[in-house]
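Asker: I'd like to ask you about the structure that follows.
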Amino acid sequence: LDTPGAPGPPCVPGSDIVVQVSKGADDTQMVKLALDAGAKVREFAYDRVFGPDADQDAVYNEVGGPIVADVLAGYNGTVLAYGQTGTGKTYTMGILNRVRDENNGLIPRALGHIFGHIAEHGESDWMVSMSFLQIYLETVQDLFSTTLTERDENLAIREDPRKGFYVEGLQEYEVRNFEEAVELLNWGLENRVMGCTKMNATSSRSHTVLTVAVGQRGESSRTPRRGEEEAGGAGGAGARAAAGGDRPVMRTLRGKLVLVDLAGSERVRRTTSKGTRLVEAKSINVSLSALGNVIAALADH
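The structure is reproduced here in structure tokens:
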């Protein structure tokens, strides 16, 4: 990987640099791939490319931190790790390392960010809750289930006019501090389906979705904005008090952080998967293809 400002030649003597990063238009970064001599160079545009010297702290400060800040302000945000198997998605999200240190990835850092903010702004009532699911072989399973029967149950995805799409029967637990949140996360990770393949000894065989809901209730005299609810309702006594300026009104601020660790795409001829692993790989590739179509459609509109 050759990035602007990165020092030195390729790390292995005699090897070639096949990935080059350069500055593109509109603050984008262009990635050029030249995998084979004489082959056509392929180019891709990204908002940000991290070089080999980037650590977990740098990635979080640029990617995760701003999104968590928006969630704490009452907005919804999503971080999604996508890529080929064995490329470090689960490591980057931070759910391989169970010890809190400098190698922690995005999820534990986000939880620490949330509870650190709450500790600094204790004048309001805060509530944090978590739900955790996996999509395995096209079934939706609750990773916080307490029995195998519950864990293997395929939960239904519903749509509600008021709250949008949701997973029926998915359990949600309130957590009061960082330690409780990490303990709950680790409990759910024990239920995640993992497996060994030729390309990855600890391969995720399912997509996981961790949702962290953050609520804040406190006094305010300003007009509600997106993500806020008023205690008296839009046309209730609370609204009249705000208009008249007699007293501050109670408002509830709600944000939602969705952290997704996708299973990696696989080429079966490289992983030489068989049996259950082959069935899993086919399911993973089909679902990732569907996700790619959705993202492409969103980009077009």
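The sequence shown maps to residues -12 to 288 in my numbering.
C-beta atoms are modelled at their ideal positions from N, C-alpha and C, and glycine is treated no differently.
1. By the 10 Å Cβ neighbour count, where 16 or more other Cβ atoms means buried, how is residue 192 classified, buried or exposed?
2. Can you round the beta-carbon distance between residue 113 and residue 202 to whole angstroms, since I take them to be within the 8 angstroms contact cut?
3. If you measure between the beta carbons of residue 36 and residue 8, is that distance less than 8 angstroms?
4. From residue 252 to residue 272, what does the alpha carbon distance come to, in whole angstroms?
5. Should residue 223 be labelled buried (16 or more other beta-carbon atoms within 10 Å of its own) or exposed?
6. Inspect the CB distances between the region 135 to 147 and the region 155 to 165 and report whether three or more fall short of 8 angstroms.
7. Taking the alpha carbon of residue 240 as the point to measure from, which residue in 105, 276, 60 has its own alpha carbon closest?
8. Note down the Cα distance separating residue 117 from residue 100, rounded to an integer number of angstroms.
9. Take residue 230 and list the residues in its own chain whose beta-carbon comes closer than 8 angstroms to its own, dropping the five residues that flank it on each side.
10. With which residues is residue 66 paired in a DSSP beta bridge?
11. Residues in its own chain within less than 6 angstroms of residue 13 by CB, not counting five upstream and five downstream?
12. When you compare only the Cα positions, how much space is there between residue 29 and residue 178?
13. Using only the alpha-carbon positions, how far apart do residue 121 and residue 42 sit?
Answerer: Concretely, from the data shown:
1. buried
2. That pair is a contact at about 7 angstroms.
3. yes
4. Straight-line Cα distance between these residues: approximately 6 angstroms.
5. Because residue 223 carries a pLDDT of 38, less than 50, the predicted location of this residue cannot be relied on, and no value is offered for it.
6. yes
7. 60
8. 15 angstroms
9. Low per-residue confidence applies at residue 230: pLDDT is 45, beneath 50, and the placement is therefore not dependable, though the value from the model is reported in the following sentence. Excluding positions up to five away in sequence, the list is empty.
10. 246
11. Nothing meets the Cβ criterion.
12. 39 angstroms
13. If I take the Cα positions, the gap works out to 27 angstroms.
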